[in-house]
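Contents: one structure, followed by commentary.
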């Protein structure tokens, strides 16, 4: 073999080796792809997605499907460069920097745990929104999550205490309690009416100035809800808050005569709060692909996601703009009956 041929052979081998090593090199990116869809009017693992006990329910038809985004990668299981390249080529997949999904300030486990908590909260918010839409009363409970060492509430208010009033005024919700504390001058003592187990207590807690100069007592709170009947939601291994709107619609459909979908296959996404306001979500492009693949012809789209959705909507998928639960129910009524206005995403 001539020296030139040997040189070319060695060079080719080195280039090939470097290419293989480079392709297998781990990179700090996450691949987002269409995840599974689940019909909230159907079953998961042979169990109903939505089970309502203690209240009359009605037959449903069609589908109200939640949509998900699957991810591959993360700090503890990084993808290789070849996987990232395949994702960049595929129009149905997004490849995003790792810190977009897993911020440096939180571990992958912490992010996944937060997604689980957000899913649980979204189910409570969805139930509250559906009952509010149907004008079925329920009770909001403000509970103490924790207290800050060195602050006045520490040792006086305990984790799990239900705050029912502040200085004799009903607690209402978390924002109302926080506002009641901020409304007084630092140094003022407030009386918290709390339920602790079976005890009803009046606990005096002084206030101090916080970082912004307003009064604080040093406690973290969360809202929970006491509903007049049981609503159980089973979605398997799905996290995050983005199924809130679809959960609300599924609950509402089961609690009312008639069929909300009219037999149509409808999918959608969007967070929801107890008042019924619909909020934006991430991964809209992948969620629409998953919805269309599942057979959906209508996609309920949060208003703030409409512009992005219009750029990548699959053929055959009608985008219906969703701003509130009430307006979305009206839109579905219009779709089913052919009467009334159906708000659409516009550029």
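In the UniProt record's numbering, the protein residues as written are 1 to 347.
Note that beta-carbon positions come from the ideal geometry of N, C-alpha and C, so glycine has one too.
None of these values were measured; they are calculated from a predicted model.
- Message: According to DSSP, is residue 310 part of a helix, a strand, or is it coil?
- Response: Taking the chain shown and counting its residues from 1, the one referred to as residue 310 is at position 310. Residue 310 falls in the helix class under three-state DSSP.
- Report all residues from its chain with a CB closer than 6 Å to the CB of residue 17; omit the five preceding and five following residues, and keep chain order. For this step, residue 17 is matched to residue 17 along the chain shown. Confidence in residue 17 is poor, its pLDDT being 49 and thus under 50, which makes the residue's placement too unreliable to answer from.
- Task: Please determine, among 257, 139 and 133, the residue with the shortest C-alpha to C-alpha distance to residue 56.
- Result: Counting from one through the chain shown, the residue named residue 56 turns up at place 56. It is 257 whose Cα lies nearest to the Cα of residue 56.
- Give the straight-line distance between the Cα atoms of residue 263 and residue 299, rounded to the nearest whole angstrom. Here residue 263 refers to the residue found at position 263 of the chain shown. Here residue 299 refers to the residue found at position 299 of the chain shown. Looking at the two C-alpha atoms, the distance is approximately 15 Å.
- Message: What does the alpha-carbon distance come out to for the pair residue 128 and residue 67?
- Response: Counted from its first residue, the chain shown places residue 128 at position 128. Counted from its first residue, the chain shown places residue 67 at position 67. Cα-Cα distance, rounded: 21 Å.
- Task: Determine the contact status of residue 210 and residue 203, defining contact as a CB-CB distance below 9 Å.
- Result: What you label residue 210 is simply residue 210 of the chain shown in a count that begins at 1. What you label residue 203 is simply residue 203 of the chain shown in a count that begins at 1. No, these two residues do not count as a Cβ contact at 9 Å.
- Task: Tell me, please, which residues DSSP counts as bridged to residue 193.
- Result: By 1-based counting over the chain shown, the position of residue 193 is 193. Paired residue(s): 165 and 202.
- Evaluate contact between the segment 280–293 and the segment 83–96, counting only Cβ atoms and requiring at least three cross-stretch pairs below 8 Å. yes
- Query: CB-CB under 8 Å to residue 184, same chain, minus the five flanking residues each way: which ones, in chain order?
  - Reply: Within the chain shown, residue 184 is the residue found at index 184, counting from 1. So the qualifying residues of the chain are 190, 207 and 215.
- Between the Cα of residue 260 and the Cα atoms of 195, 232, 219 and 334, which residue gives the shortest distance? Taking the chain shown and counting its residues from 1, one reaches residue 260 at position 260. Comparing Cα-Cα distances from residue 260 to each of 195, 232, 219 and 334, the minimum goes to 334.
- Item | Residue from 50, 38, 163 and 26 whose Cα sits closest to the Cα of residue 72 | Position 72 of the chain shown, counted from the start, is the residue given in the question as residue 72. Taking only the C-alpha atoms, the option nearest residue 72 is 26.
- Item | Buried or exposed by the 16-neighbour rule on C-beta atoms within 10 Å, applied to residue 348 | The requested residue 348 does not occur in the structure, where the chain is confined to residues 1 to 347.
- Count the C-beta pairs between the segment 164–175 and the segment 308–323 that are closer than 8 Å, then say yes if the count reaches three, no if not. no
- Task: Return the bridge partner residues of residue 337 from the DSSP annotation.
- Result: Your numbering for residue 337 matches position 337 in the chain shown. In the DSSP output, where bridge partners are listed per residue, residue 337 has none listed.
- Item | Cβ neighbours of residue 29 in the same chain (closer than 7 Å, five flanking residues each side left out) | Position 29 of the chain shown, counting from 1, holds the residue named residue 29. The residues are 73, 79, 84, 95, 96, 97 and 98.
- Hey, how far is the Cα of residue 123 from the Cα of residue 196? Position 123 of the chain shown, counting from 1, holds the residue named residue 123. Position 196 of the chain shown, counting from 1, holds the residue named residue 196. For residue 123 and residue 196, the distance between alpha carbons rounds to 25 Å.
- Message: Are the CB atoms of residue 244 and residue 272 within a distance shorter than 9 Å?
- Response: Looking up residue 272 in the chain shown gives position 272. Looking up residue 244 in the chain shown gives position 244. Contact: yes.
- Message: What does the alpha-carbon distance come out to for the pair residue 156 and residue 297?
- Response: As a first step, residue 156 must be located in the chain shown, where it is residue number 156. As a first step, residue 297 must be located in the chain shown, where it is residue number 297. Approximately 55 Å between the Cα atoms of the pair.
- Query: Going by the beta-carbon positions, is the gap between residue 53 and residue 232 smaller than 9 Å?
  - Reply: Mapped onto the chain shown, residue 53 falls at position 53. Mapped onto the chain shown, residue 232 falls at position 232. Going by C-beta atoms, residue 53 is nearer than 9 Å to residue 232.
- Taking 9 Å as the cut-off, decide whether the C-beta atoms of residue 236 and residue 45 are in contact. For the purposes of this step, residue 236 is taken as residue 236 along the chain shown, with counting starting at 1. For the purposes of this step, residue 45 is taken as residue 45 along the chain shown, with counting starting at 1. Cβ atoms of residue 236 and residue 45: closer than 9 Å.
- Task: Could you say which of 42, 255 and 150 lies nearest to residue 63 if we only look at CA atoms?
- Result: As a position in the chain shown, residue 63 is number 63, starting the count at 1. The candidate whose alpha carbon is nearest that of residue 63 is 42.
- Just checking my contact of residue 401 with residue 250 at CB under 8 Å: how many whole Å lie between their CB atoms? With the chain covering only 1 through 347, there is no way to say anything about residue 401.
- Message: Using only CA atoms, which one of 113, 137, 223 and 32 lies nearest to residue 160?
- Response: Walking along the chain shown from the start, residue 160 turns up at place 160. Residue 160 has its Cα closest to that of 223, out of 113, 137, 223 and 32.
- Contact set for residue 348: own chain, Cβ-Cβ below 8 Å, skip 5 residues either direction: Nothing about residue 348 can be read from this structure; the chain reaches only from 1 to 347.
- Does the beta-carbon of residue 117 have 16 or more other beta-carbons within 10 angstroms, so that it is buried, or is it exposed? Counted from its first residue, the chain shown places residue 117 at position 117. Classification for residue 117: exposed.
- Task: Can you tell me which of 139, 186 and 175 puts its alpha carbon nearest to the alpha carbon of residue 213?
- Result: Position 213 of the chain shown holds residue 213. Nearest option by C-alpha distance: 186.
- Query: Of the residues 115, 65 and 149, which one's Cα is nearest the Cα of residue 241?
  - Reply: The count along the chain shown starts at 1 and reaches residue 241 at position 241. When only C-alpha atoms are compared, the closest one is 115.
- Query: Are the beta-carbon atoms belonging to residue 269 and residue 305 less than 9 Å from one another?
  - Reply: Residue 269 sits at position 269 when you count from the first residue of the chain shown. Residue 305 sits at position 305 when you count from the first residue of the chain shown. Cβ distance < 9 Å, so residue 269 and residue 305 count as in contact.
- For the beta strand (DSSP E) that contains residue 38, what are its first and last residues? Working through the chain shown from its first residue, we reach residue 38 at position 38. Looking at the DSSP string, the run of the beta strand (DSSP E) that includes residue 38 is 29–39.
- C-beta atoms of residue 303 and residue 330 nearer than 9 Å: As a first step, residue 303 must be located in the chain shown, where it is residue number 303. As a first step, residue 330 must be located in the chain shown, where it is residue number 330. No; because the gap between Cβ atoms is not below 9 Å, this pair is not in contact.
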